[in-house]
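Peer 1: Below you will find the structure I want to go over with you.
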Amino acid sequence: MAVSYIDIGPLFLPVLLGLMVVKFFMVVLYFMHIKFDNKLFGRLFYIGLGLAVFVYAAALSTFQFFAG
Amino acid sequence: MTYDLSMSHQSPTTKMQAVETTTTLKSVTSSRLVRTLVAGSFAALLAGCATDAPQDTWQPKGSNARMINDLDWVVFSIAGVVGVVVFSVLAFALWKYRDRGQPIPEQTHGKPALEIGLTILPALILVGIAIPTVGTIMDLAETNDTECIVNVTGQQWWWEIDYPVQDGCGGIEEPIVTSGQMVIEAGTKVLVRGTSRDVIHSWWIPSLNGKRDMVPGRIHTVRLEADEPGIFAGQCTEFCGLSHANMRMEVIAMNSTDFAIWKANQVQDYVAPVAGSLAAEGESTFISQCSRCHQVDGLTDSNDELIISRPDQNVWSGAAPNLTNFMTRNTFAGASWDLLSKECRPGVWDASPSTIGAAYLDGVTDSCLNEVELREWLRNAPAKKPMYTDPESLEATNGLVRGMPYLALSEDQIDQLVAYLLERK
Amino acid sequence: MAIIERPTETPDVTNRGTRPAPKASTNYGYLRRPVETTGWRSWAFTVDHKKIGIMYGAVAMFFFILGGLEAALIRLQLAGPNGTILSADKYNQMFTMHATTMVFLFVMPMAAAFANYFIPLQIGARDVAFPRLNALSLWVFVFGGVFLNTSWFLGGGADGGWFMYAPNSSVPFSPTNGVDFWGLGLQITGIASLVGAINLIVTVLNMRAPGMSMMKMPIFTWMAFVVQMLLLFAIPVITVALFLLMFQRSFGAQFFSVEAGADPLLWQHLFWIFGHPEVYILVLPSFGIISEVLPVFSKKPLFGYPFVVFSGAAIGFVGWGVWAHHMFASGLGPVSVAVFSVATMAIAVPTGVKIINWTLTLWGGKLTFTTAMLFAVGLIVQFTIGGLSGVTHAVAPSDTQQTDTYYIVAHFHYVIFGGAVLGLFSGFYYWWPKVFGKLLSESLGKWNFWLMIAGMNLTFGPMHIIGLQGQPRRMYRWTEFRAGQGFFNLGFWNLVATIGTFVLGVGILFFLVNIWVTHRPNSKTPPAPADPWDARSLEWITSSPPKEYNFARTPQVSALDEFFHRKYEDVGEGDKHEYVQKMTGEEVIQFEEDNADPNIHLPAPSYWPMVLALALPVMAYGVIYNTLLIVAGGAIATMAMFGWALEPADAEASDFDPPVEGDETSKELSNV
Amino acid sequence: MSDSLITETVKDAVEIVKDHADDVHVHDVHAGDDHSGDHGGHHTSLGLSNTKLAMWLFLGSECLLFGGLISTYMLYRNRHSENLGPDQLWDIPFTSATSFVLLTSSLTMVLAVSAANRKDLRNAKIYLSVTALLGGLFLAGQIYEFTVFYREGLGFTTSLFSSSFFTLTGFHGVHVSIGIIMLVALIGMLSKEKVSGDDAEAVEMVGLYWHFVDIVWIIIFTVIYLIEFIK
C-alpha cells in the first residue's frame, strides 16, 4: 500500500495494474491450487475470465470510439 | 404516381407457387424444386412486387440511400446464388439417394480435404462482401461535406425539427421551429443532428438514408440528400412506447426558390385574426386552452404581452409542437394524420418534382382541410392516438402528461379553434 | 453430494471420505423422504433426469401454445389496416410477452428437456451429476414462468419489448408492474438455466461411460454441451442488466436516468452481450438433434463429425464477438460498426460448414423420409433461407435500412422457427418411442409437417417483402397510406401472413392430435419396437422407455455410433464395403440385460428442490409488493438450503413405505 | 494466460482429430485421456470431483457477473456532482486496512484447507473460525465505510457514480456474507459430523469460493479505490 504514496508519475497506472494482476494470479495459482490441480479446472475458469475481459473491454471501448 | 407494371407482373404468380406447399410425400422433390427456384430469384422477386410503398427501402431517391442500395444488390445477388446452389445440391441429393433398396452405404466419416475446401469457400465469399461493406460504412459516416444543418428532436410521439441560425441552408437568420415535416432544398447535403427528450427514437427516411437512433443525452448525426423535389415518408423505428406506431415524419425537398419562400414564410410576423371573426374567438380559446403547451410566435395576451408556452411544466418530455405555421405542414399529430383532405392529398403528394414545391407552399386551404380528423383530434386526442393520460400513470410522472390530454372542448370551441388554426400559415 | 452410481465393490477412488454415510432418520429433521413410486408425488419430488426431462417438455409445450396464442392475436390485429382487436397497450404487452415466452419459456426449456432426458442416456450415465440440482432447475423454471405470466392478472404484462431498451423501461415510461414481473421472472428462470448448465457440463465432462472420449460423444450431446457453456457465461451478463433495471425501477437507482447523465447504450450492450449468445443457445440444440436424425435416416454417419463439433464450438465462441450487430443503428462509431460487421460475417462460416456437412451426410446415403427426417430436412432448407437473409444484415449499411422492420422479423423467425422449432419437432418424432414407448402416427405426422412448413412460409415469407418495403415492427397498427398501391401491396401481404399463422396453428394442432391419438386410453397404437429407426447412438441400447436406472449395465463404448457398430459388421474387402447385420437392436439390448450390473445405486427423491424453488417467486413478489415477503421468501430459501445440505443423497431402507427389505434398495431401484 | 490456453486447446483438438481420423472404431477405453485425472479410477470419466468441477464452472460464470458490475462502474465513475466524487470520499488508509484483513483471511483459509486435508479437523475448524472472523471484520469495515459515505451525503440514488459504486461493492459484500454463512455452517456441520460426503472436499469448496471473493476484491480495490490517484 505504500506504493500509493510514492510519486512515480506516468508509471503509476501500469505498475498498479501489474501488481493487481500478479496478486490475482498468485491467489488463483497457489491458494486455489490451479497450478497443481487438473488443468481442466483452470481452463474452465480462464474461459470465463477471458470472456469477461474481452467482452467488457470491447463494450467499454465502443463508448470511447463513439463518434456520433 | 407511376405504377411499374412491367416489374410487378411476373412476381405474383411465382410467389403464389412459392407459398403453395403440397402435403403429400410424393411431391417432396417438386415442391422443393419450386422453392429452390423461388429462393434463387429471391432478389428479383422482392423488387418485382414493389408497389410504390412510400417507405420502400429499394427505391433510393438520394445519394446515401443509393450507396446502400448499390451494396444491397451485390449482397442479395450473392446470397441468391448461394441459395440456388445449396438448394440445387440438396434437392438433387434428396432425389438421387432416396431409399430404392440400395445397400447400406459406406460408413464414411468425411473427407478432410473436401471439408477444408468447403470451409474456405464461404470464407472467401464473405471476404468479398466484407470489403465493399467496410468501404460503404466509412463513406456513409462522412459528414464534412454537408451544407445545411437541421436539428431533430424525438419525443413521445412526434419529431420537433428546428433550423439553427447559420450560413448554411442558403442562410438562416432567425431560428425556425417546426414539427413532423422537414423541408430541405433538393440537391443539398443536409446534416441532421438528432437527439431525444425522453426515450430512444429512430430517424428513418428510407428513400434518403438508413435509420439512426436518436438517443437522449447524445447527439447523433445522419446525412440526407434528395436528388429531386418530392415528399419522402419515414417513420420512427425504435420502439418508443405506447404510440410508437403513430410517430412519423416526412422530408419535403424543394428547389432553391421554393425553399427560400418557405424559409421566409416561417419567420413572418404574426397576423392576428380579424376582430369579431370566428377565428378571433378561436384565438382567445387557443390562449385559454392551448397556449400553456403550444407556442404560437407573436401571439399576445390582453395586456399585449407575448405569450410564452411552458410545455415543460405540463408535459413529461418538456415540449409540444410549435403551431405558428401549422397549416403550412400537411400532416399533424406526429405526422400520423393528413391535414389535407383525401381529395386534395394527391394534388400535393403525387405532384411532379417541378410542381411539388409550389403545391406544398400553397398549404392547407379551407376547402382542402381534413376537417373530420382534425376535429376528432381536438375533441379527444388520446382516443385517436393512445397516450398516457390516465391518473394512475400520471403519478409516475409527477402529474405531467405524456402526449396531448383530453381537454373537454365544446363543439363551439372546436369550431373556433379550427377557424383559428386555418389561419396559421 | 450425489455420486449416483457406485457398484458396492468399487473402492472409494477419491480416497477421502471414509466415514460411513449418515443415518437418514437422524439427520434431516422432521420430514420423511417422498419415496412414492406412483401418483403426483412420484413426479413432484423426483430427481430422475427422465421424469424431469418430460416435465420440462410438458411445461415448455404449454408455454409454446400460450406464446402461439399471443402470436395469433398479434397477427389478427395486423391482418388489416387500423386493427382494433387489441389496444395499443395490449398489443405492446402481447409482442413483448410473445417473444419472452417463446425464447425463455419454450425454446430454452424445451432444449433443456431434450438435454436432460438424452444427455445421460447418450453418454451411458445413470443420471446427471447432481440430481437434486436438476430438480431444482426444473421447479425454478416452472415457478419463474408462472410468476412471469401472473403479470397478466396483476396490472398487465411487460410492454417494453423483449429487448426492454432503457430508458423506455423506466417507471415514468412504463408505470405498471409489467416490467418488474418481466425482470424478476427472467432472473428466476436465469437461475434455472445457470444451475442446469453447471449440472449438465459436469455430467458431460465427468459421467461418460467407459470408452466414450469427448470425440466419441453423440453429436446432440456435444451441441447441448456447447449450449450449456454459452448459458454458463451468458446468464450472468443478463443478470447484471436485470439487477440494474430492478434497482432503477424499485429502489430509485439512476443507471438509466438520462437526466442524471446515464448512457442508455449501457443497457443495450449488456442485453446483447447476453442476447447474441442466446441466439445460439436457441438453435444449437436443434442442430444437434438433426445431426442425430439425418445420419439415422441416411444410414450413414454424420459427415465430418469433428468439423461439425468444432464448428459448433466455433459458433459458440465467435458468438461472443458480434453482439453489437444488433446496434448498428444505435449510434456506435463507424469503426465499431465496421469491426462488428466483419465479425458477424465471420460467424457465417461455421454456420455454413454445418449446412454443407448435413447436405454431404445425405449425399450417397439411403434416405427414408419419416416425419423426423422431413422436419430435419425442413430445418436445413428454412434455416438456410434465414442464414442468407442474415448475411444481408451483417452488412451494416443494409442493416440500417432493414433493422426494426419486418424483414428482421422474417429473418429471425426463419432462424428460430425454421431452425430451432423444426429441429425440436424432428426430435419429438424421432425420440417419442424412446421416451413414451409408442410411435407417433406417421401419417398425422406428415400432415403436421407439411402444414407447419406451409404455415411458416406463408407467415414469415411475406414479412421479407413487408419489411423491405418499409413496414417497421412493433407497431400496433398500420395505415393504407404507407402500404403502397396495387393488389400486391403491403395490405395483401399482411393478410397472407395472418392466414399463414392459422395454417401454422393447425399444423401444430395436428401434433397435439397425434399425441392424443397415440396415447388416449383406448388407443390401438401398439408398443414401439425397441429400435424402430435402426438407430446409431447409445440411448437406444436400453429398453423404451428406459428403466429408472437407464442401463442394465454401464455400456462399454468403443466407437462413435456405438449402437450401429454393435449391430452391423463390415464384411467388405479392401475399399469395398459391405455391411451385414450381426445382431438386431433387440438382441443387443437383451445381451446387455443378460449381463446386468449386480448393484445399482440411485439417489432418492427430495422435497427440498421444490421448496427452495418456491422461495424465489415469493421473494420476487416481495420486491414488487412488500418487503416483508422478501424476508419470508429468504427464510424459506435458507431453511430449504439447510435441509438440503443435511439430507443425504440416498434414502434409508426404513424410509420406504412399507420399509424395503434388506439389500433390495440398492438393487432394482423400485424405490425411486 | 489466454495465449497458452488457446495453444493448449488447439493442441488437444489436433490430437483428438488425429485420434479420430486414425480409426473411429478403435477400442479405446482410456476415456477422456486428454486430461486423465490424478486419482485414476473409473467412477467418473475424468477422475475428478463433480463438486469441484461445478465450483470452478460457477466461479468462471461469476467472472462475467463481476465484470459487468465493474464495467458499469468504470463507465459511470466520473458522473457525480462536484463534491461527492471518489477523490473527496475515499479514505485509502482505512480501506487498505480492511483489504489487508480480507487478504489475510485467504491465508487462514489455505491453512484450514491444508489442515482438513491432513484430517486435522480441530485445526481446520480453528482456521475456518479465524477466516470467518476476518471476513466479518472486513464486512464491518465496509458497513462503517458505507455509513461514513452516507453521512457525507452519498446515498444509493445520489448519482450514477453512487448507484454503481454501492451496487458493485454491495454485491461483493453479499458474496462475503454468503461466504461467512457457509463458513459458519461448515464449522457447525464438521462439529456434528453432518457433512454429507468428504470433509476435506467440503472445506476445499468453501475455500475456492472464499478465495474467489478475495481476488474480486483485489480488482475492485485497485480499479475503484487506488486508480483515482492517477488524476
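The listed protein sequences derive, respectively, from chains A, B, C and D. The working numbering applies: residue 2 is where the first sequence begins, and numbers increase by one. The working numbering applies: residue 19 is where the second sequence begins, and numbers increase by one. The working numbering applies: residue 46 is where the third sequence begins, and numbers increase by one. The working numbering applies: residue 5 is where the fourth sequence begins, and numbers increase by one. For every residue, glycine included, the Cβ atom is placed at its ideal position computed from N, Cα and C. Bear in mind that the values here come from a model prediction, so they are computed numbers and not experimental data.
Going by the CB atoms, is the gap between Arg-253 of chain C and Ala-542 of chain C shorter than 9 Å?
Peer 2: Cβ atoms of Ala-542 of chain C and Arg-253 of chain C: not closer than 9 Å.
Peer 1: At the level of alpha carbons, what is the spacing between Asp-38 of chain A and Ile-360 of chain C?
Peer 2: Rounded to whole angstroms, Asp-38 of chain A to Ile-360 of chain C spans 29 Å at the Cα level.
Peer 1: Helix, strand or coil: which one does DSSP assign to Cys-166 of chain B?
Peer 2: Correct three-state label for Cys-166 of chain B: strand.
Peer 1: Of all Cβ atoms in chain D, is any one closer than 9 Å to the Cβ of Leu-193 of chain C?
Peer 2: So, not an interface residue.
Peer 1: Who are the Cβ neighbours of Ser-375 of chain C in its own chain at under 8 Å, not counting the five residues just before and after it?
Peer 2: For Ser-375 of chain C, where only same-chain residues beyond five positions count, the Cβ hits under 8 Å are Leu-310, Gln-313.
Peer 1: By how many angstroms is the C-alpha of Glu-584 of chain C removed from the C-alpha of Leu-166 of chain C?
Peer 2: C-alpha separation (whole angstroms): 5 Å.
Peer 1: What does Ala-251 of chain B pair with, by DSSP beta-bridge criteria?
Peer 2: Beta-bridge pairing links Ala-251 of chain B to B:Glu-268.
Peer 1: Any heavy atom of the ligand SAM within a distance shorter than 8 Å of the CB on His-438 of chain C?
Peer 2: Judged by which ligands are present, the structure shown has none, so any question about the ligand SAM falls away.
Peer 1: Exposed or buried, what is Tyr-670 of chain C when buried is set at 16 or more other beta-carbons lying within 10 Å of its beta-carbon?
Peer 2: Answer is exposed; the Cβ neighbour count stays below 16.
Peer 1: Output the boundary residues of the beta strand (DSSP E) element that contains Gly-212 of chain B.
Peer 2: Run containing Gly-212 of chain B: 208-214, per the beta strand (DSSP E) assignment.
Peer 1: Could you check the C-alpha separation between Gly-125 of chain C and Trp-523 of chain C for me, to the nearest Å?
Peer 2: Answer to the nearest angstrom: the Cα atoms are 8 Å apart.
Peer 1: Just to confirm, are Phe-348 of chain C and Trp-403 of chain C a CB contact at a threshold of 9 Å?
Peer 2: Yes, Cβ-Cβ distance for Phe-348 of chain C and Trp-403 of chain C is below 9 Å.
Peer 1: Please identify the residue among C:Ala-660, C:Ile-164, C:Ile-461, C:Ser-488 whose C-alpha is closest to the C-alpha of Leu-245 of chain C.
Peer 2: If we check each option's Cα against that of Leu-245 of chain C, C:Ile-164 comes out closest.
Peer 1: Rounded to whole angstroms, what is the Cα-Cα separation between Gly-423 of chain C and Pro-572 of chain C?
Peer 2: Cα-Cα distance, rounded: 28 Å.
Peer 1: Please tell me whether Lys-36 of chain A has its Cβ less than 9 Å away from any Cβ of chain D.
Peer 2: No, its Cβ sits nowhere closer than 9 Å to a Cβ of chain D.
Peer 1: Would Arg-442 of chain B pass as an interface residue toward chain C - the criterion being a Cβ-Cβ separation below 9 Å?
Peer 2: Chain C contact via Cβ: absent.
Peer 1: Can you tell me whether DSSP reads Leu-111 of chain C as helix, strand or coil?
Peer 2: Helix.
Peer 1: What alpha helix (DSSP H) runs, 4 residues minimum, are completely inside the stretch 463-550 of chain C?
Peer 2: Qualifying alpha helix (DSSP H) stretches, in chain order: 467-481, 487-513.
Peer 1: In chain D, which residues lie less than 8 Å from Leu-245 of chain C when you measure between Cβ atoms?
Peer 2: Simply none; closest approach about 10 Å.
Peer 1: Using a Cβ-Cβ cut-off of 7 Å (strictly less than) and excluding sequence neighbours within five positions of Val-398 of chain C, which residues of its own chain qualify?
Peer 2: Same-chain partners within the cutoff: Phe-352, Ser-356.
Peer 1: How about Met-372 of chain C and Val-454 of chain C: are their beta carbons less than 9 Å apart?
Peer 2: Contact: no.
Peer 1: To the nearest angstrom, how far is it from the Cα of His-29 of chain D to the Cα of Phe-385 of chain C?
Peer 2: Residue placement at His-29 of chain D is poorly supported in this model, since its pLDDT is 37, which falls under 50; the coordinates still yield a value, given next. Distance between the alpha carbons of His-29 of chain D and Phe-385 of chain C is about 42 Å.
Peer 1: Would DSSP call Gln-601 of chain C helix, strand or coil?
Peer 2: Of the three classes helix, strand and coil, the one that applies to Gln-601 of chain C here is coil, per DSSP.
Peer 1: Flag this pair as touching only if the stretch 622-637 of chain C and the stretch 565-581 of chain C have three or more C-beta atom pairs under 8 Å; answer yes or no.
Peer 2: With a cut-off of 8 Å, the stretch 565-581 of chain C and the stretch 622-637 of chain C count as touching, because enough Cβ pairs lie within range.
Peer 1: Cys-254 of chain B and Gly-172 of chain B: beta carbons closer than 9 Å?
Peer 2: Yes. Within cutoff.
Peer 1: Who are the neighbours of Phe-278 of chain C on chain E, taking C-beta pairs under 7 Å?
Peer 2: Structure shown: chain E not included; protein chains present are A, B, C and D.
Peer 1: Are the stretch 51-59 of chain D and the stretch 237-251 of chain C in contact at 8 Å, needing three or more beta carbon pairs?
Peer 2: With a cut-off of 8 Å, the stretch 237-251 of chain C and the stretch 51-59 of chain D count as touching, because enough Cβ pairs lie within range.
Peer 1: Would you say the stretch 361-380 of chain B touches the stretch 240-247 of chain B, given that touching needs at least three Cβ pairs under 8 Å?
Peer 2: Judged by Cβ distances under 8 Å, the stretch 361-380 of chain B makes contact with the stretch 240-247 of chain B, as three or more pairs qualify.
Peer 1: Check Arg-230 of chain B in the structure and name its three-state DSSP category.
Peer 2: Arg-230 of chain B falls in the strand class under three-state DSSP.
Peer 1: Measure the alpha-carbon distance for Ser-48 of chain B versus Leu-108 of chain B and round it to whole angstroms.
Peer 2: For Ser-48 of chain B, the predicted structure reports a pLDDT of 49, less than 50, and the residue's modelled location is therefore unreliable. A value from the coordinates is still provided. Computed Cα separation, rounded: 13 Å.
Peer 1: Is the distance from the Cβ of Leu-1 of chain D to the Cβ of Gly-192 of chain D below 9 Å?
Peer 2: As shown, chain D starts at 5 and ends at 235. That puts residue 1 of chain D outside it, with no answer to give.
Peer 1: Name the DSSP beta bridge partners of Leu-242 of chain B, please?
Peer 2: Paired residue(s): B:Val-208.
Peer 1: Should Ala-103 of chain C go down as buried or exposed, given a rule of 16 or more other Cβ atoms within 10 Å for buried?
Peer 2: The residue is exposed, with fewer than 16 neighbouring Cβ atoms inside 10 Å.
Peer 1: Using 10 angstroms around the beta-carbon of Met-156 of chain B, count the other beta-carbons present and answer buried if the total reaches 16, otherwise exposed.
Peer 2: Met-156 of chain B comes out exposed.
Peer 1: What are the complete alpha helix (DSSP H) segments, minimum 4 residues, inside the stretch 292-359 of chain C?
Peer 2: Within the stretch 292-359 of chain C, the complete alpha helix (DSSP H) runs of at least 4 residues are 310-343.
Peer 1: Which residue wins for smallest C-alpha separation from Val-29 of chain A, given the options D:Leu-132, D:Arg-83, D:Trp-214?
Peer 2: Among D:Leu-132, D:Arg-83, D:Trp-214, the Cα nearest to that of Val-29 of chain A is on D:Trp-214.
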